[in-house]
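Mapped onto the working numbering, the consecutive letters of the sequence shown carry residue numbers 1363 to 1573.
Here the structure comes first, spelled out in structure tokens, and everything after it is commentary.
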Amino acid sequence: MKKKLKLKPYVLPSVYVIFVIGLTIGTYYVAKNMKKTKVNPDYNYVSSIILNQDVPVINETTKIIKPFTSEKVEIGKYYYDYKGEAANQEKSLTRHDNTYIQNSGLDYKSQETFDVVSVLNGTVTKVTEDDLLGKTVEIKHDNEYITVYQSLSEVSVKKGDTVTQGQIIGKSGTNEIDKDLGNHLHFEMYLKGMIINPEEQIDKDISTNQE
């Protein structure tokens, strides 16, 4: 038979004492090291609250649209570019009473009458009617843009109205000065008081505010 090992009476208490001393020393050094650790005020600590919050990133742009929505509309006469080629300049002249006039905008034409819309949000500053130009609407927009819509057969806004981008402001028509085009819209754009080529502005972000 194997003999059972018996611990001497003083061994077990000694083990307990060593364990307690080790635990005490370990706790002391842990506490000491924690006191030495300081929070850097220059750091931004991320909390679980911040991580759980959804913060949407918005990148809003406003682009200029065409002054019509019909797919049957095409350009009837281009803007007269002073820096353009002579052949193109010749195609941008309007003849009236044996006088050639440089086209100050774009003429959009169609066989059918089409809706004319505001190319941007804005405020109607003028609504006039002229024997040569027909009914005209002028709208002032943000970032120093102004748009002019001529040769309208109908006008659905009045001076002082606030309009939104894409809102119908009238319908295409005819006028005396461009009667050879038939049913059309004469469209002009100004930036900071200077007339500009509307064709170069379509689909442009107005926040750039450059010619």
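Ideal Cβ placement from N, Cα and C applies to all residues, glycine included.
Here the structure is a predicted model, which means the values were calculated and not measured.
For the alpha helix (DSSP H) containing residue i, list its first residue and its last residue.
{"i": "Q1451", "result": "1448-1452"}
Just to confirm the assignment, what range does the beta strand (DSSP E) spanning residue i have?
{"i": "S1513", "result": "1507-1517"}
{"i": "Y1444", "result": "Taken as a continuous stretch (DSSP letters only), Y1444 belongs to no beta strand (DSSP E), as it is neither H nor E."}
{"i": "Q1527", "result": "Here Q1527 belongs to no beta strand (DSSP E), and DSSP marks it neither H nor E."}
{"i": "E1561", "result": "Counting along the chain, E1561 falls outside any beta strand (DSSP E), and DSSP gives it neither H nor E."}
{"i": "D1469", "result": "1468-1471"}
{"i": "L1553", "result": "1546-1553"}
{"i": "E1500", "result": "1496-1502"}
{"i": "T1490", "result": "1484-1492"}
{"i": "T1536", "result": "Where T1536 is concerned, there is no enclosing beta strand (DSSP E), given that its DSSP letter is neither H nor E."}
{"i": "T1461", "result": "1461-1464"}
{"i": "V1478", "result": "1477-1479"}
Using a Cβ-Cβ cutoff of less than 6 Å, which residues in the same chain neighbour residue i once the five nearest sequence positions on both sides are dropped?
{"i": "E1500", "result": "T1487, K1488, V1510"}
{"i": "I1508", "result": "K1502, Y1552"}
{"i": "K1471", "result": "G1438, L1543, H1546"}
{"i": "T1498", "result": "T1490, Q1512"}
{"i": "H1548", "result": "G1467, D1469, Q1512, S1513"}
Would you decide whether residue i is buried or exposed? Buried here means 16 or more other CB atoms lie within 10 Å of its CB.
{"i": "E1550", "result": "buried"}
{"i": "N1545", "result": "buried"}
Excluding five sequence neighbours on each side, which residues of the same chain lie with their C-beta closer than 7 Å to the C-beta of residue i?
{"i": "G1484", "result": "I1501, K1502, H1503, V1525"}
{"i": "L1494", "result": "N1537, E1538, I1539"}
Quick one: what's got a C-beta closer than 8 Å to residue i's C-beta in the same chain, skipping five residues either side?
{"i": "D1523", "result": "T1485, V1486"}
{"i": "G1528", "result": "I1427, T1431, V1479, S1480"}
{"i": "K1453", "result": "K1439, Y1440"}
{"i": "K1425", "result": "D1565, K1566, D1567, I1568"}
Taking the alpha carbon of residue i as the reference point, which residue from the options has its own alpha carbon closest?
{"i": "T1570", "options": "E1538, N1505, Q1527", "result": "N1505"}
{"i": "I1557", "options": "D1443, K1566, K1453", "result": "D1443"}
{"i": "Q1473", "options": "D1567, T1536, K1453", "result": "T1536"}
{"i": "P1429", "options": "K1445, Q1512, A1449", "result": "Q1512"}
{"i": "F1476", "options": "L1455, K1434, K1541", "result": "K1434"}
{"i": "K1554", "options": "H1548, T1498, I1568", "result": "I1568"}
{"i": "L1482", "options": "I1530, K1497, E1447", "result": "I1530"}
Inset, instruction - Indicate whether the contact test is met: 3 or more Cβ pairs, each with one atom in the segment 1560-1572 and one in the segment 1513-1527, closer than 8 Å. - result: no
Inset, instruction - Report yes or no: do the segment 1450-1469 and the segment 1425-1439 share at least 3 C-beta pairs separated by less than 8 Å? - result: yes
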